[in-house]
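Just so you know, the sequences run in chain order S and P. According to the UniProt record's numbering, the first sequence is numbered sequentially starting from 1. According to the UniProt record's numbering, the second sequence is numbered sequentially starting from 1.
Protein chains: 2
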Amino acid sequence: MKCSKCGREAVYFAKYEGKYYCHKHFNEMVESKVKRTIRKYRMIKKGERIGVAVSGGKDSVVLLHLLAKLRKKFPFEIVAITIDEGIKGYRDKSIKVAKKNAELLGVEHHIYRFKDYIGFTLDETVEIMGARGERLGACSYCGVWRRWLLNKAAEELKVDKLALGLNLDDEVQMFLMNLMRGDVARLGRTGPYYEVIHEGLVPRIKPLREVPEKEIVLYAVLNNIEVDLSECPYAVEAFRAEIRDWLNEMEEKHPGTKYQLLRSYDKIFPLLAKTYAKKVKLNRCKICGQPTSGEICKACQFRLQVKERAEKLKFSLSQR
Amino acid sequence: MKCSKCGREAVYFAKYEGKYYCHKHFNEMVESKVKRTIRKYRMIKKGERIGVAVSGGKDSVVLLHLLAKLRKKFPFEIVAITIDEGIKGYRDKSIKVAKKNAELLGVEHHIYRFKDYIGFTLDETVEIMGARGERLGACSYCGVWRRWLLNKAAEELKVDKLALGLNLDDEVQMFLMNLMRGDVARLGRTGPYYEVIHEGLVPRIKPLREVPEKEIVLYAVLNNIEVDLSECPYAVEAFRAEIRDWLNEMEEKHPGTKYQLLRSYDKIFPLLAKTYAKKVKLNRCKICGQPTSGEICKACQFRLQVKERAEKLKFSLSQR
Numbered sequence: 001m002k003c004s005k006c007g008r009e010a011v012y013f014a015k016y017e018g019k020y021y022c023h024k025h026f027n028e029m030v031e032s033k034v035k036r037t038i039r040k041y042r043m044i045k046k047g048e049r050i051g052v053a054v055s056g057g058k059d060s061v062v063l064l065h066l067l068a069k070l071r072k073k074f075p076f077e078i079v080a081i082t083i084d085e086g087i088k089g090y091r092d093k094s095i096k097v098a099k100k101n102a103e104l105l106g107v108e109h110h111i112y113r114f115k116d117y118i119g120f121t122l123d124e125t126v127e128i129m130g131a132r133g134e135r136l137g138a139c140s141y142c143g144v145w146r147r148w149l150l151n152k153a154a155e156e157l158k159v160d161k162l163a164l165g166l167n168l169d170d171e172v173q174m175f176l177m178n179l180m181r182g183d184v185a186r187l188g189r190t191g192p193y194y195e196v197i198h199e200g201l202v203p204r205i206k207p208l209r210e211v212p213e214k215e216i217v218l219y220a221v222l223n224n225i226e227v228d229l230s231e232c233p234y235a236v237e238a239f240r241a242e243i244r245d246w247l248n249e250m251e252e253k254h255p256g257t258k259y260q261l262l263r264s265y266d267k268i269f270p271l272l273a274k275t276y277a278k279k280v281k282l283n284r285c286k287i288c289g290q291p292t293s294g295e296i297c298k299a300c301q302f303r304l305q306v307k308e309r310a311e312k313l314k315f316s317l318s319q320r
Numbered sequence: 001m002k003c004s005k006c007g008r009e010a011v012y013f014a015k016y017e018g019k020y021y022c023h024k025h026f027n028e029m030v031e032s033k034v035k036r037t038i039r040k041y042r043m044i045k046k047g048e049r050i051g052v053a054v055s056g057g058k059d060s061v062v063l064l065h066l067l068a069k070l071r072k073k074f075p076f077e078i079v080a081i082t083i084d085e086g087i088k089g090y091r092d093k094s095i096k097v098a099k100k101n102a103e104l105l106g107v108e109h110h111i112y113r114f115k116d117y118i119g120f121t122l123d124e125t126v127e128i129m130g131a132r133g134e135r136l137g138a139c140s141y142c143g144v145w146r147r148w149l150l151n152k153a154a155e156e157l158k159v160d161k162l163a164l165g166l167n168l169d170d171e172v173q174m175f176l177m178n179l180m181r182g183d184v185a186r187l188g189r190t191g192p193y194y195e196v197i198h199e200g201l202v203p204r205i206k207p208l209r210e211v212p213e214k215e216i217v218l219y220a221v222l223n224n225i226e227v228d229l230s231e232c233p234y235a236v237e238a239f240r241a242e243i244r245d246w247l248n249e250m251e252e253k254h255p256g257t258k259y260q261l262l263r264s265y266d267k268i269f270p271l272l273a274k275t276y277a278k279k280v281k282l283n284r285c286k287i288c289g290q291p292t293s294g295e296i297c298k299a300c301q302f303r304l305q306v307k308e309r310a311e312k313l314k315f316s317l318s319q320r
């Protein structure tokens, strides 16, 4: 088929709009979507320093490339941040990919390790807590610690905002998941923008939220961008996988469904945000100083639990 | 298995709450759900006259029985209203069922026919407009005319509110359908209650909105309530069927999903209602006098279209 814009050989068919794209116009289409998203929600202001969370996976690496390209025309700074959770055979590989891409683009790159800041790698935590298969799985520790460390890194590196590689599929899956769990409040706290900015919590932006996963993968392939496609060995989000599969099926049958769902979320979000994103004054964690609604933040609570259990294990081993 | 309340033989397992029910306690459970829904949204006030839309299908017939039972303890009036769209081999059968149930319960019963008020049965309309398979299907005419005639009946019979047999499954399917079409505004106009009451539009209540379809069918079976289970020959809601099937699958895997989805809707609804249920002053249709946002209501527009085409057809036949 021929590109709907220029008549050259098409490399992609966007079923949701019935248009064919050649390589050049596909690139332009993806890039202009990202630009529009950034502009619509005023995600980046002139001169701001943006921390890009880069795992080495397709989404974050493509995000880094897109922002690096954008910065040539619109003056802002970027710095790449990689969180190393310490997952053998997985994260070590993807970190290399993140590093290579940052170097290629001439972007400052920093690696923050669970081991250095928390005291344990995720692998060690799983071993100590016997977390796999238990109610509190690896993802619970990892999610809390990753958010905590990203925020810490952002503060240390003095970035104004954190850019995350969440794509259209991630956004609508999250929307539907929370609706099906009755967790409407959560939907009002995250979204395309922040209704309430909390002191000490670095705002997060999602410039890829209008780009389908498929287009991100294709963008990487067509532009010879090296990405790591392996999946985390701890990932067990069965509920999300069910929702993902069904949404893909519905998108196939009714092209444009994901965009419609995103539009619904975008219309509902501001109403929820006003109701649920309360202007509470956050405290500072008594241990680490990071923002928390209580006295001690969840990351420190988890760290102390793991530490305590590690010491008990050592004790019982020494008693043998 | 034994009833979780009394230890007698159970007839039903409510997976979403992990409880078993005997016949007696199942009845109580369903009835108290309906009572709670009515109370929560103040659906019925003392002494009000409630028009129950009874097609003869399971939902509307069970609703009639439940309201008839409830009225023994709480003083309000009920009157059954059946719309006869004129669908041969389908509606004629279900009308008999509606009539029998109303008689059994000693409820005043009125039948309103498309033929009498619109001038055409639905079967005739389909024949005249060649509607089956075309863009404007039978359901478009039927939906508009049914709502119009129900409102007309409610006015003529001087009822305060119209009770509809929509159940939990209907509600959450509708919620998801509208989200996946990006039609958030519609979600703000219907809901568990009305944010804005328009003069001339009889308010509609849905006392069964917290009862799963499964429980309605079982209530009918256990209590020997005669219902018509046949499906409308014109029904072709493919999109709804896909959503229904998936929700049933998810409910099976994650019991309680439908209730969670309803809770999400109920939290979102008041916010949407404030935004989308505008207090516009409705006009009266210049032809029929029913409320409309324009000059001539949709029901009259459709009626005139069908009439015009019917006359043309007659003319072209007479020319042969």
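Using N, Cα and C, we set each Cβ at its ideal position, and we do this for glycine too.
Leaving out five residues before and five after residue 321 (chain P) in sequence, what residues of the same chain have Cβ atoms less than 8 Å from its Cβ? Absent from the model: residue 321 (chain P). The displayed extent of chain P is 1 to 320, so no value can be given.
For Tyr-259 (chain S), which residues of its own chain have a beta-carbon under 7 Å away from its beta-carbon, when the five flanking residues on both sides are left out? Residues of the same chain with a CB within less than 7 Å of the CB of Tyr-259 (chain S), apart from the 5 flanking positions on each side, are Tyr-16 in chain order.
Do Tyr-276 (chain P) and Ala-185 (chain P) have their C-beta atoms closer together than 8 Å? Yes. Within cutoff.
Considering Cα atoms alone, identify which of S:Val-11, S:Glu-85, S:Arg-263 is closest to Lys-24 (chain S). Considering only alpha carbons, the answer is S:Val-11.
What residue range is occupied by the uninterrupted alpha helix (DSSP H) comprising Phe-76 (chain P)? No alpha helix (DSSP H) holds Phe-76 (chain P); DSSP gives it neither H nor E.
For Ser-264 (chain S), return the contacting residues in chain P, with the cut-off set at a CB-CB distance below 9 Å. Within chain P, the C-beta atoms nearer than 9 Å to that of Ser-264 (chain S) come from Asn-178, Leu-179, Met-180, Arg-181, Gly-182, Asp-183, Val-184, Leu-187, in chain order.
Exposed or buried, which one is Asp-84 (chain S) when buried takes at least 16 other CB atoms within 10 Å? Its Cβ being crowded by 16 or more others within 10 Å, Asp-84 (chain S) is buried.
Alpha-carbon to alpha-carbon, Val-61 (chain P) and Leu-70 (chain P): Those two C-alpha atoms are separated by around 14 Å.
Beta carbon of Leu-208 (chain P), beta carbon of Asn-151 (chain P): below 8 Å? For Leu-208 (chain P) and Asn-151 (chain P), no; Cβs fall outside 8 Å.
Among the candidates P:Ser-32, P:Met-29, P:Cys-3, P:Ile-128, whose CA atom is the shortest distance from the CA of Tyr-20 (chain P)? Residue P:Cys-3 is the option with its Cα nearest to Tyr-20 (chain P).
Among the residues of its own chain, which have a CB less than 6 Å from the CB of Ile-81 (chain S), if the five just before and after it don't count? So the list reads Gly-51, Ala-53, His-110, Ala-153, once near-sequence residues are dropped.
Hey, is the stretch 253-272 of chain P in contact with the stretch 177-192 of chain S, meaning 3+ C-beta pairs nearer than 8 Å? The stretch 253-272 of chain P is in contact with the stretch 177-192 of chain S.
Using a Cβ distance threshold of 8 Å, determine whether the stretch 227-244 of chain S contacts the stretch 86-96 of chain S, with at least three qualifying pairs required. Output reads yes: the stretch 86-96 of chain S touches the stretch 227-244 of chain S.
Using a Cβ-Cβ cut-off of 8 Å (strictly less than) and excluding sequence neighbours within five positions of Ile-87 (chain P), which residues of its own chain qualify? For Ile-87 (chain P), where only same-chain residues beyond five positions count, the Cβ hits under 8 Å are Thr-121, Leu-122, Asp-123, Cys-232, Pro-233, Tyr-234.
Which chain P residues sit within Cβ distance under 7 Å of Lys-267 (chain S)? Within 7 Å Cβ-Cβ: Val-184.
Beta carbons nearer than 7 Å to chain P: which residues of the stretch 108-140 of chain S have them? Near chain P, meaning a CB-to-CB distance below 7 Å, no residue of the stretch 108-140 of chain S qualifies.
Selected residue, minimal CA-CA separation from Lys-31 (chain P), among P:Glu-242, P:Pro-212, P:Glu-199: The amino acid at residue 31 (chain P) is misidentified as Lys; the sequence shows Glu. It is P:Pro-212.
Classify Ile-243 (chain S): buried if its beta carbon has 16 or more other beta carbons within 10 angstroms, exposed otherwise. It counts as buried.
Would you grab the beta carbon distance between Leu-222 (chain S) and Phe-74 (chain S) for me? Rounded to a whole angstrom, and I think it's under 8 Å. Contact annotation, Leu-222 (chain S) with Phe-74 (chain S): C-beta distance approximately 23 Å; criterion of less than 8 Å not satisfied.
Is DSSP giving Ile-225 (chain P) helix, strand or coil here? Correct three-state label for Ile-225 (chain P): coil.
Which of helix, strand or coil does DSSP assign to Asp-84 (chain P)? In the structure shown, Asp-84 (chain P) sits in a strand (DSSP, three-state: E or B).
Give the straight-line distance between the Cα atoms of Ile-38 (chain P) and Leu-66 (chain P), rounded to the nearest whole angstrom. Take the alpha-carbon of Ile-38 (chain P) and the one of Leu-66 (chain P): they are about 12 Å apart.
Give me the Cα-Cα distance between Val-202 (chain P) and Ser-264 (chain P), rounded to the nearest whole angstrom. Roughly 27 Å separates the two Cα atoms.
Give the C-beta separation of Asp-160 (chain S) and Arg-49 (chain S) to the nearest angstrom, bearing in mind that I take them to be a contact with Cβ-Cβ under 8 Å. Their Cβ separation, rounded to whole angstroms, is 5 Å, which keeps Asp-160 (chain S) and Arg-49 (chain S) in contact under 8 Å.
Between His-254 (chain P) and the rest of its own chain, which residues show a CB-CB distance below 7 Å, the 5 nearest in sequence each way excluded? No residues qualify anywhere along the chain.
Please say whether Ile-128 (chain S) and Leu-247 (chain S) have beta carbons closer to each other than 8 Å? Cβ atoms of Leu-247 (chain S) and Ile-128 (chain S): not closer than 8 Å.
By the criterion of Cβ-Cβ separation under 9 Å, what are the contact partners of residue 329 (chain P) in chain S? Chain P is shown only over 1 to 320; residue 329 (chain P) falls outside these bounds and no answer can be derived.
Under 9 Å Cβ-Cβ, which residues of chain S neighbour Gln-260 (chain P)? Result: Leu-179, Met-180, Arg-181, Gly-182, Asp-183.
If you measure from the beta carbon of Thr-37 (chain P) to each beta carbon in chain S, is any gap under 8 Å? With a threshold of 8 Å between beta carbons, Thr-37 (chain P) makes no contact with chain S.
Look up Arg-143 (chain P) in the DSSP assignment and say whether it is helix, strand or coil. According to the sequence provided, residue 143 (chain P) is Gly. The question's Arg does not apply to it. In the displayed model, Gly-143 (chain P) falls within a helix according to three-state DSSP.
Taking His-198 (chain S) and Leu-282 (chain S) to be in contact with their CB atoms under 8 Å, please state how far apart those CB atoms are, rounded to whole angstroms. Their Cβ separation, rounded to whole angstroms, is 5 Å, which keeps His-198 (chain S) and Leu-282 (chain S) in contact under 8 Å.
Answer yes or no: do Phe-114 (chain P) and Leu-157 (chain P) have a C-beta to C-beta separation smaller than 8 Å? Against a cut-off of 8 Å, the Cβ pair of Leu-157 (chain P) and Phe-114 (chain P) comes out as no contact.
Counting only beta-carbon separations shorter than 8 Å, does Glu-252 (chain P) have a partner in chain S? It does not: the Cβ of Glu-252 (chain P) has no partner Cβ on chain S nearer than 8 Å.
So with CB distances below 8 Å, who are the chain P contacts of Phe-239 (chain S)? For the C-beta of Phe-239 (chain S), the chain P residues within less than 8 Å are, from N- to C-terminus, His-254.
Identify the contact partners of Trp-145 (chain S) in chain P, using a Cβ-Cβ distance below 7 Å as the criterion. What Trp-145 (chain S) touches in chain P: nothing, since even the nearest Cβ is about 27 Å away.
Below 8 Å on the Cβ atoms is my contact criterion, and I expect Cys-297 (chain S) with Gln-305 (chain S) to pass it. Report the Cβ-Cβ distance as a whole number of Å. That pair is no contact at about 13 Å.
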